[in-house]
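Have a look at the structure below before the remarks.
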Amino acid sequence: MFRASLIAIIFWLSPLMASSADSDRGARLYGRCTGCHSLDYDRTGPRHCGLIGRKAGAVPGFVYSSAMKNSSILWSVQTLDVFLQNPRAFMPGNRMPYAGIKNNQDRADLIAFLVAANDDPKQCAQP
Amino acid sequence: MTKKNASTFIPKFVDLSRRSMLSLGGKGILSAGAVALLSGSETLALVNPASADEMNEDVQFLNAALGAEQEAIAAYQVGAESGLLGKSALDLAVQFQGHHKEHATLLAKTVTQLGGKAVAPKMDYHFPVEKLKTEADVLGFAASLEKGAVSAYLGAVPLFTNRDLAQAAASILGDEAMHWAVLRSALGQNPVPSAFMS
Numbered sequence: 000m001f002r003a004s005l006i007a008i009i010f011w012l013s014p015l016m017a018s019s020a021d022s023d024r025g026a027r028l029y030g031r032c033t034g035c036h037s038l039d040y041d042r043t044g045p046r047h048c049g050l051i052g053r054k055a056g057a058v059p060g061f062v063y064s065s066a067m068k069n070s071s072i073l074w075s076v077q078t079l080d081v082f083l084q085n086p087r088a089f090m091p092g093n094r095m096p097y098a099g100i101k102n103n104q105d106r107a108d109l110i111a112f113l114v115a116a117n118d119d120p121k122q123c124a125q126p
Numbered sequence: 000m001t002k003k004n005a006s007t008f009i010p011k012f013v014d015l016s017r018r019s020m021l022s023l024g025g026k027g028i029l030s031a032g033a034v035a036l037l038s039g040s041e042t043l044a045l046v047n048p049a050s051a052d053e054m055n056e057d058v059q060f061l062n063a064a065l066g067a068e069q070e071a072i073a074a075y076q077v078g079a080e081s082g083l084l085g086k087s088a089l090d091l092a093v094q095f096q097g098h099h100k101e102h103a104t105l106l107a108k109t110v111t112q113l114g115g116k117a118v119a120p121k122m123d124y125h126f127p128v129e130k131l132k133t134e135a136d137v138l139g140f141a142a143s144l145e146k147g148a149v150s151a152y153l154g155a156v157p158l159f160t161n162r163d164l165a166q167a168a169a170s171i172l173g174d175e176a177m178h179w180a181v182l183r184s185a186l187g188q189n190p191v192p193s194a195f196m197s
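Heads up: the protein sequence lines correspond to chains E and Y, in order. The first sequence: position 77 = 76 (numbering that gives the first Met the number 0), numbered continuously. The second sequence: position 47 = 46 (numbering that gives the first Met the number 0), numbered continuously.
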């Protein structure tokens, strides 16, 4: 209950971050993700095309941690903002080995890029 | 310019008070645990004891790194067999693939030493081979993987509970950053385009 309330408060605050997101800058920041992720195919991390609006742990054929699979999270600007700030604190037991992006503008820009790329046919052509 | 004590430049996570510090030719210092890890010694062990949960997390991080190294090995194999690389580029690809093999071997061994099960390489990997038509394409693809690997290690290093493992991961990060710089140089690009990595 407490955890749910805390998440609700964080989500309420998180729109503050999205006031001037720059998806072009986010595209450059996406380089931080490309050790494990790609937009259009699965690597050691799942693909990011279609991420916005997708339930966590739901890419077919990708093997997720139980924590991710059972999280009931729906990925959105808000949920990504909270998750990316500190993935392991937000979702203990998930396997993403990443300390997080502490800078609010960096997160906002990166998420703006993910939103722009989400269903872009040029970047999200199925292999 | 203010003259700084040499210890200013030693990463904060290195405990200077420990007896296990070893000097490396006066140019750097690694703890005994990190040296054990980097040399593949059977005696790694847990110079910094951690709880089972914390160790499990470290094993997770090591396995994630191992998966990425296995992918890099496969990617360099694709590049080497593409027929697009001249001799000097092929020599680089083979050398760097060899480094990734060394990383993978060590990571797998360490996972096992810590009681985990090392992930196996995938049966097949997806690479954008349809976009690789020239030597520059292959080198550019390799450079992008190396840059991604640097970022991945950079994001993972702070997470290790065992600081010796963190230091060892940082050592691999340094190697992959050198790969990135050399590949950029081979492409005629500025090998070190910025003062910081992210």
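Beta carbons: idealized from backbone N, C-alpha and C, even for Gly.
Compare the beta carbon distance of residue i and residue j with 9 Å and say whether it is the shorter of the two.
i         : j         : result
Y/Ala-119 : Y/Lys-108 : no
E/Asp-21  : E/Ala-116 : no
Y/His-125 : Y/Asp-174 : no
E/Gly-49  : E/Leu-73  : no
E/Cys-35  : E/Gly-44  : yes
Y/Gly-200 : Y/Leu-131 : Past the boundaries of the shown model lies residue 200 of chain Y; chain Y is included only from 0 to 197, so the question cannot be answered.
Y/Phe-95  : Y/Glu-145 : yes
Y/Met-54  : Y/Gly-114 : yes
E/Gly-30  : Y/Ser-197 : yes
Y/Leu-106 : Y/Leu-61  : yes
E/Gln-84  : E/Ile-100 : yes
Y/Trp-179 : Y/Ala-142 : yes
E/Leu-109 : E/Leu-28  : yes
Y/Leu-138 : Y/Ala-88  : yes
E/Pro-91  : E/Ala-66  : yes
E/Asp-41  : E/Gly-60  : yes
Y/Val-149 : Y/Ala-176 : yes
Y/Tyr-75  : Y/Ala-64  : no
Y/Asp-136 : Y/Leu-83  : yes
E/Val-62  : E/Arg-46  : no
If you measure from the beta carbon of residue i to each beta carbon in chain E, is any gap under 9 Å?
i         : result
Y/His-125 : yes
Y/Lys-140 : The question names Lys, yet the displayed sequence has Phe at residue 140 of chain Y. No, because no Cβ of chain E sits closer than 9 Å to the Cβ of Y/Phe-140.
Y/Ala-200 : The requested residue 200 of chain Y does not occur in the structure, where chain Y is confined to residues 0 to 197.
Y/Phe-60  : yes
Y/Glu-281 : Any property of residue 281 of chain Y remains undetermined from this structure, which presents chain Y solely from 0 to 197.
Y/Val-77  : no
Y/Ala-180 : no
Y/Lys-146 : yes
Y/Pro-157 : yes
Y/Gly-66  : yes
Y/Val-149 : yes
Y/Ser-143 : yes
Y/Ala-63  : yes
Count the other CB atoms within 10 Å of the CB of residue i; is the residue buried (16 or more) or exposed (fewer)?
i         : result
Y/Ala-194 : exposed
Y/Val-110 : buried
Y/Lys-202 : With chain Y running from 0 to 197 in the structure shown, residue 202 of chain Y is simply not present.
Y/Glu-70  : buried
E/Asn-69  : exposed
E/Val-114 : buried
Y/Met-122 : exposed
E/Leu-12  : Since pLDDT at E/Leu-12 reaches only 49, below the 50 mark, its modelled position is unreliable, and the value read off the structure follows with that caveat. By the 10 Å Cβ count, E/Leu-12 comes out exposed.
Y/Ala-167 : buried
Y/Pro-192 : exposed
E/Asn-93  : buried
Y/Gly-27  : Low confidence applies to Y/Gly-27: its pLDDT is 40, below 50, so where it sits in the model is not reliable, and the reading given next is rough at best. The residue is exposed, with fewer than 16 neighbouring Cβ atoms inside 10 Å.
E/Ser-37  : buried
Y/Asp-52  : exposed
E/Pro-86  : buried
Y/Asn-161 : buried
E/Val-76  : buried
Y/Asp-90  : exposed
E/Asp-23  : exposed
Y/Val-58  : buried
E/Val-81  : buried
Taking 9 Å as the threshold (beta carbon to beta carbon), is residue i in contact with chain Y?
i         : result
E/Met-95  : yes
E/Gly-25  : no
E/Ser-19  : no
E/Asp-108 : no
Please check the pair residue i and residue j, which I expect to be a contact at CB under 8 Å, by giving their CB distance rounded to whole angstroms.
i        : j         : result
E/Tyr-97 : Y/Gly-154 : 4 Å
Any heavy atom of the ligand COA within a distance shorter than 8 Å of the CB on residue i?
i         : result
Y/Ala-103 : Although the ligand COA was asked about, the structure shown includes no ligands whatsoever.
Whole runs of the alpha helix (DSSP H) within the stretch 115-182 of chain Y, excluding any shorter than 4 residues: 134-155
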